[in-house]
Amino acid sequence: MKTKHLFLFLFAFWGFELSAQTRISVPLSAKQSPTYVGSDGIVRGFVMSMQEARNLNAVASTLNIVGINNQGVEGLYYYDASDTTTPDDSVTTFVQGTKRFKRAIENEAVFDWWNPKGDDTQDVTNLLNKALNYCVRKGKTSLTFHNKKGNKYKITDLITIPAGVSVNLNGAVIRQAAQDKSVFQLLGNSTLYGGTITANGYSGTDFLANGGVRLQGYNNTVRNCVFTHFTSFGVYGKDCQVASVLDNTFINAIANTGNSSTENSAILFLSNAANPTPILSGGIIIDRNRILTSKANQHIYINGLGGDSKVIITNNYCMSLESNGTVTPTANLITRHNIQVGYSNSANGGNAVIAGNFCGETLRTGVYISANAAGGSVLAISNICYRNGRSNNGLAGGITIGTGNNGDIVAFNKIIDFQGSETYQGALNIIYSEAETSNQRTKLLALGNEIKNSSAHGVYMMHPRNVSLVQNYVYGSALKDVFITCGSSNSKNVLLKANEFIRANKNAESVYIDSEGTNTNPFYFTENRFIGFDKNAPANESSNVAILTRFNNLPVMVERNYFNNYDFGFVQYAPLPNGERKTNSIVNHNRFENCNYGIVMKGNDLHSTFFALGNQFENCVASTFGGGYANATKLAISVSPTGKATIEGTGLPTIGSFVQGDRCIFTNPVSSGYVGGVCVNGGTPGTWKNYGAIQP
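Just so you know, we're using this note's numbering here: the sequence shown kicks off at -18 and counts up by one.
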């Protein structure tokens, strides 16, 4: 084959459309080495042997693309400015001086073929669209920028990447010069990677039009990019299925001041806003991103999960920082949640995994699981939430769980230095609606979490249902370690097991339960360790308590726990309806050490009794205590099947209401004294007689 024919075949093979514009240049050496021009008018480069290309020092200094005619390695080779190490193998790479030329991949187009300047002044919108259209026309699956490192390209309109085409920016900066225009839009089966995406603010006309990259369709990936100066979003997925956002960095977001009703996020996935019951479907992976901005309302926001949704949010670093890397002052802070995940209004929500993320310095939460669908569940595991809750808002928490979830697990997280200080806030915030419906089958397991130095409560629960706190470590809470508020009904089945609570002050209870209604399902506390700060009573003597329950007939079972260094170990404040004889509570087989009072019963009537069996007391001023208040109740060690109470005391009762057959066992029996007394006529206190004479 003659040399010229070989050139023509080579160009046609690589998809170049030669026309009458094609010309032969002045020879570069003794052999003919033509230049070539495509039908689009772009100068492509030179054709020569690989050895000639290696030796062309003067020309190669400005040469970007070379056609090589060596038999067996015919093809186009491009100059890769980012590579200084790959060896010359005479097949995929040849080296000219210190420069590496790489063989063009058959299904790849190179944006440099269209001769963009990359100087941040030339508008390359049309050139970039031509390159993408060329990929579609020629069946290329990749468009690559083989530019010099740091080249900047200005665009003035949204660039739509066609379905099936991926773009490798290769370190390029793409700057949107127009307002209310996003930078890229992916339509499916595409990947965008390796560059900087710079948005240009929001003028107030179309909030969701401004941002970095919009994802639509099926199977899109955005990875290894830097997003900056976005107002509405960095990456926005709308009605998309199967998407991945990986290894990106988001910085220098612009605060949304033009539309206060719409929130901006670094990573945002929503369904069509016009749909009254939005559904996201398919799988979404958000992994290893760095979000370092204080001007996005949420760093990661997923809303509208449908029944077949599977969302994985892992290993992201989310921190509210200024552009210089310093922590944003509260007065300038906009970010409310590092990560927020919510369901649709449908009967079955999707599932989400939130794991291994660092979430810090927000107005409200590190992780906010907001929901109103029954079928969905969330696994939040091994996250670190640091200094969240810098505004006093009821939703604030290191981790906040909303209502309607089914089978959530919050496990092995660290929640450190929660900043909130409101009465109804906790580092771990569990907020359910008071009314239970069939669409709200709530279940939650909080396992193995470490909660340290909360400025509010360690754990706050509102209207909890089917909640288990197991093996958690709560240390240094300014307010209560666990604060549970129950409504008029539907608070039920709360388990605290094998947790450790360590107080940093004596001004609040470790566990406090406040119930207004007639809840009948039990709260069960077992195998927990309660370590107080100082058993000496504070100004408010009822606050230095390990467990204080204040309720109307809510059964509490407290068994096999350890209490140390409190003014009061267990206190039950239980006003009961007249005629009731017991609270259905049990305080059995616990150990109390170094407490002024072990078990205390306090109430507004003189009727109630409860079980306190098999407890151990060491170095306690009073093991059981039912007096000392104006209207003291009785502390029962047992109640018979027929309702007869057995209490403890130092003598025959002088206050309280009793019925015939009630007994009092004396706690200080002496020689020639009696074992106890028995009520022979009911009354207040009724008629009592000693029984069980003790020998001298």
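Note that beta-carbon positions come from the ideal geometry of N, C-alpha and C, so glycine has one too.
**Asked** Does the Cβ-Cβ distance between Leu409 and Ile390 come in under 7 Å?
**Response** In this structure, the beta-carbon distance from Leu409 to Ile390 does not fall below 7 Å.
**Prompt:** Relative to the alpha-carbon of Val492, which residue among Asp462, Arg541, Ser171 has its alpha-carbon at the smallest distance?
**Reply:** Nearest option by C-alpha distance: Asp462.
**Message:** Can you look up Gly663 in the DSSP assignment and give me helix, strand or coil?
**Reply:** DSSP places Gly663 in coil when its eight states are reduced to three.
**Residue nearest to Ile142 in terms of C-alpha spacing, selected from Asn671, Ile646, Val194** = Taking Ile142 as reference, the option from Asn671, Ile646, Val194 with the minimal CA-CA separation is Val194.
**Message:** Are the CB atoms of Phe511 and Phe544 within a distance shorter than 7 Å?
**Reply:** Judged by beta-carbon spacing, Phe511 lies within the 7 Å limit of Phe544, meaning their Cβ atoms are closer than that value.
**Message:** If you measure between the beta carbons of Val105 and Tyr134, is that distance less than 7 Å?
**Reply:** With contacts defined by Cβ atoms closer than 7 Å, Val105 and Tyr134 form a contacting pair.
**Own chain partners of Asn200 with C-beta closer than 7 Å, once the 5 adjacent residues on each side are dropped** = Counting only Cβ-Cβ distances below 7 Å, and skipping sequence neighbours, we find Gly169, Asn170, Val223.
**Prompt:** Beta-carbon separation of Arg156 and Thr125 under 7 Å?
**Reply:** Taking C-beta atoms as the reference points, Arg156 and Thr125 fail to come closer than 7 Å.
**Unbroken alpha helix (DSSP H) run spanning Asn32, endpoints** = The question names Asn, but residue 32 in the sequence shown is Gln. Run containing Gln32: 31 to 36, per the alpha helix (DSSP H) assignment.
**Item:** Neighbourhood of Gln13 by C-beta distance below 6 Å, restricted to the same chain and skipping five residues each side
**Value:** With a pLDDT of 40 at Gln13, under the threshold of 50, the modelled position of that residue is not reliable, and the figure given next carries that caveat. Taken in chain order, the list of residues that qualify is empty.
**Request:** With a 10 Å radius around its C-beta and 16 neighbouring C-beta atoms as the bar for buried, classify Ala112 as buried or exposed.
**Result:** Ala112 counts as buried, since no fewer than 16 other beta carbons sit within 10 angstroms of its beta carbon.
**Prompt:** Would you say Arg234 and Phe214 are within 7 Å of each other, going by their C-beta atoms?
**Reply:** Per the sequence presented here, residue 234 reads as Ala, with Arg not at that position. The answer is no: Cβ separation not under 7 Å.
**Prompt:** Leaving out the 5 sequence neighbours to the left and right, which residues in its chain are closer than 6 Å to Arg541 when beta-carbon positions are compared?
**Reply:** Cβ within range, chain order: Thr507, Glu508, His570.
**Request:** Would you identify the three-state DSSP class for Cys340, choosing helix, strand or coil?
**Result:** DSSP, read as helix, strand or coil, puts Cys340 in strand.
**Message:** Any beta carbon of chain C sitting closer than 7 Å to that of Tyr115?
**Reply:** No chain C is present in this structure, which holds just one protein chain.
**Coil, strand or helix - Gly608 by DSSP** = Confidence in Gly608 is poor, its pLDDT being 42 and thus under 50, which makes the residue's placement too unreliable to answer from.
**Request:** Identify the continuous beta strand (DSSP E) that holds Leu109 and give its terminal residues.
**Result:** The continuous stretches of beta strand (DSSP E) do not include Leu109, which lies in the alpha helix (DSSP H) extending over residues 106 to 119.
**Asked** Where Ala485 and Gly457 are concerned, what is the direct C-alpha to C-alpha distance, given to the nearest angstrom?
**Response** Ala485 and Gly457: Cα-Cα distance of roughly 4 Å.
**Request:** Could you tell me if Leu108 is buried or exposed, where buried requires 16 or more neighbouring beta carbons within 10 angstroms of its beta carbon?
**Result:** Burial call: buried.
**Item:** According to DSSP, residues forming a beta bridge with Lys461
**Value:** Looking at the DSSP output, Lys461 sits in no beta bridge, so it has no partner there.
**Message:** With the cut-off set at 7 Å, would you say Val207 and Val216 are in Cβ contact?
**Reply:** In this structure, Val207 keeps its C-beta atom at 7 Å or more from the C-beta atom of Val216.
**C-alpha gap between Ser472 and Met300, whole angstroms** = Their Cα atoms are separated by approximately 36 Å.
**C-alpha distance - Asn596 paired with Asn575, whole-angstrom precision** = Rounded to the nearest angstrom, the two C-alpha atoms are 14 Å apart.
**Prompt:** For Thr202, which of helix, strand or coil comes out of DSSP?
**Reply:** Secondary structure at Thr202: strand, using DSSP grouped into helix, strand and coil.
**Message:** I'd like to know whether the C-beta atoms of Ser496 and Leu476 end up nearer to each other than 7 Å.
**Reply:** No, Cβ-Cβ distance for Ser496 and Leu476 is not below 7 Å.
**Item:** Residues of its chain near Arg271, where Cβ-Cβ distance is below 6 Å and the 5 sequence neighbours each way are ignored
**Value:** If we look at Arg271 and ignore the five residues flanking it on each side, its Cβ neighbours are Thr230, Tyr298.
**Message:** Quick check: what's the CA-CA separation for Ile46 versus Asn110?
**Reply:** For the pair Ile46 and Asn110, the Cα-to-Cα distance works out to about 21 Å.
**Asked** Looking at Thr627 and Thr648, is the spacing between their C-beta atoms short of 7 Å?
**Response** By the CB criterion at 7 Å, Thr648 and Thr627 fall outside the cutoff.
**Asked** Hey, Phe549 and Phe573: beta-carbon distance below 7 Å or not?
**Response** Their beta carbons are not under 7 Å apart, which means Phe549 does not touch Phe573 by this criterion.
**Request:** Please name the residue, chosen from Ile412, Asp220, Asn296, that lies closest to Gly198 on a Cα-to-Cα basis.
**Result:** Minimum Cα distance to Gly198 is reached at Asp220.
**Proximity of Leu173 and Val148 at Cβ, strictly below 7 Å** = The answer is yes: Cβ separation under 7 Å.
**Request:** Evaluate Asp161 with the Cβ neighbour count: other Cβ atoms within 10 Å of its Cβ, from every protein chain shown; 16 or more gives buried, anything less gives exposed.
**Result:** The residue in question, Asp161, is buried, as its Cβ has 16 or more Cβ neighbours within 10 Å.
**Asked** Given Ser504, which residues of its chain have a CB within under 6 Å of its CB, disregarding the five upstream and five downstream residues?
**Response** Looking at the sequence provided, one finds Phe at residue 504 rather than Ser. Here the set comprises Val475, Val537.
**Asked** Using DSSP with H/G/I as helix, E/B as strand and the rest coil, what is Phe92?
**Response** Shown here, Phe92 sits in a helix according to DSSP, grouped into three states.
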